[in-house]
Amino acid sequence: MGNETIEKKLKFLFGLQRFVQDPGLKEMIDETESNMNVVRLSDFDLVGVSAGVDTDRDSQAKEFCRCPLCSKMAERLLLPSGMYHCTKCERDYYDQ
Amino acid sequence: MDMESIYREYHDKLLSYIRYKVNNEEDAEDICSEVFIKVQKNLDRYEEQKASVARWIYVIAGNTIIDYYRSRKVSEEIPEDLPSESDLEDSALSRLTVNNLTAALKELSEEERLVIVLHYYEDMSLKDIERETGLSYGQVKIRHNNALKVLRKLL
Numbered sequence: 001m002g003n004e005t006i007e008k009k010l011k012f013l014f015g016l017q018r019f020v021q022d023p024g025l026k027e028m029i030d031e032t033e034s035n036m037n038v039v040r041l042s043d044f045d046l047v048g049v050s051a052g053v054d055t056d057r058d059s060q061a062k063e064f065c066r067c068p069l070c071s072k073m074a075e076r077l078l079l080p081s082g083m084y085h086c087t088k089c090e091r092d093y094y095d096q
Numbered sequence: 097m098d099m100e101s102i103y104r105e106y107h108d109k110l111l112s113y114i115r116y117k118v119n120n121e122e123d124a125e126d127i128c129s130e131v132f133i134k135v136q137k138n139l140d141r142y143e144e145q146k147a148s149v150a151r152w153i154y155v156i157a158g159n160t161i162i163d164y165y166r167s168r169k170v171s172e173e174i175p176e177d178l179p180s181e182s183d184l185e186d187s188a189l190s191r192l193t194v195n196n197l198t199a200a201l202k203e204l205s206e207e208e209r210l211v212i213v214l215h216y217y218e219d220m221s222l223k224d225i226e227r228e229t230g231l232s233y234g235q236v237k238i239r240h241n242n243a244l245k246v247l248r249k250l251l
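So the protein sequences, as listed, match chains A and B.
The first sequence: position 13 = 13 (our numbering), numbered continuously.
With the second sequence counted from 1, adding 96 to any position gets you our numbering.
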């Protein structure tokens, strides 16, 4: 089996996870990502960072949809300003 | 009828269909995701007596593909035909479960698992992962390929 088949399976299974949100896999993904020694945008309220305010990651609303700016399907974060932040192109926009 | 069953049963075939219609791998995957999001949002409004699940999903897909062409202002002919229900068969992918994936990921090292999660779940390119993690592109590629070698045997 070449890489194409296993990559197809991985895309399928992670895609499935977006919808079913299996708690065991979610916990593993969260733990894996928390091991990154890099600040990821989704960890912080962007306004909060600039104001030096700590924020609660769980209060960030996340949804997966098409970004009007880059036209790609990506997770977007709702910012306190009411704008959405696209995690793909990393730009902000108002909902249309 | 739940979202997981629908996704598992129709994803592979739907993606193939969309890929054939738009002739672009990345756009096909995006459109496929969009279709399943619409299915999920409208699942409670689905009426079995009006159409089979398959027909319903493929109508949504057809409309989404039309929207795709319109948004790109492409002058190519918008495809109107939908697959017949006999085209819809079980796929090997539908037998895979999220539990299979969780168990397989446990067999990876932490670094390999990170690359896999960032690439396939967060949809980051290997270049993006290089930038975000501070690893060299070569290191990212090696971890990615090593992870695939392990996962190939398990999935």
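Ideal Cβ placement from N, Cα and C applies to all residues, glycine included.
According to DSSP, which residues form a beta bridge with residue 73 of chain A?
Paired residue(s): A:66.
Within the 9 Å Cβ cut-off, does residue 142 of chain B reach chain A?
Not one chain A Cβ lies under 9 Å of residue 142 of chain B.
Looking at residue 70 of chain A: is its Cβ nearer than 9 Å to the Cβ of residue 89 of chain A?
Yes.
Say whether the segment 105-125 of chain B touches the segment 10-22 of chain A, bearing in mind that this needs 3 or more beta-carbon pairs closer than 8 Å, one atom from each stretch.
Yes: the two stretches touch, three or more of their Cβ pairs being nearer than 8 Å.
Would you kindly check if the distance between the Cβ of residue 243 of chain B and the Cβ of residue 214 of chain B is under 9 Å?
Result no, Cβ atoms of residue 214 of chain B and residue 243 of chain B do not sit closer than 9 Å.
Cβ of residue 237 of chain B less than 9 Å from any chain A Cβ?
By this cut-off, residue 237 of chain B is not an interface position.
Report yes or no: do the segment 136-150 of chain B and the segment 99-109 of chain B share at least 3 C-beta pairs separated by less than 8 Å?
Touching, yes, given that three or more Cβ pairs across the two stretches are closer than 8 Å.
Return the first residue and the last residue of the alpha helix (DSSP H) that residue 84 of chain A is part of.
Element bounds for residue 84 of chain A: not the alpha helix (DSSP H) but the beta strand (DSSP E), 84-86.
Taking Cβ-Cβ distances below 9 Å as the criterion, which residues of the segment 65-80 of chain A are in contact with chain B?
The residues in question are 65, 66, 71, 72, 73, 74, 75.
Since residue 33 of chain A meets chain B, which of its residues come closer than 7 Å, beta carbon to beta carbon?
Within chain B, the residues near residue 33 of chain A are 213.
In angstroms with no decimal places, state the Cα-to-Cα distance between residue 21 of chain A and residue 195 of chain B.
Taking the straight line joining both Cα atoms gives about 12 Å.
Please state the DSSP three-state secondary structure of residue 4 of chain A.
Helix at residue 4 of chain A.
Can you give the Cα-Cα distance for residue 180 of chain B and residue 154 of chain B, rounded to whole angstroms?
At residue 180 of chain B, the pLDDT of 47 sits below 50, so the modelled position is not reliable and the matter cannot be decided from this model.
At the level of alpha carbons, what is the spacing between residue 40 of chain B and residue 161 of chain B?
Chain B is shown from 97 up to 251; residue 40 of chain B falls before or after that span and cannot be answered.
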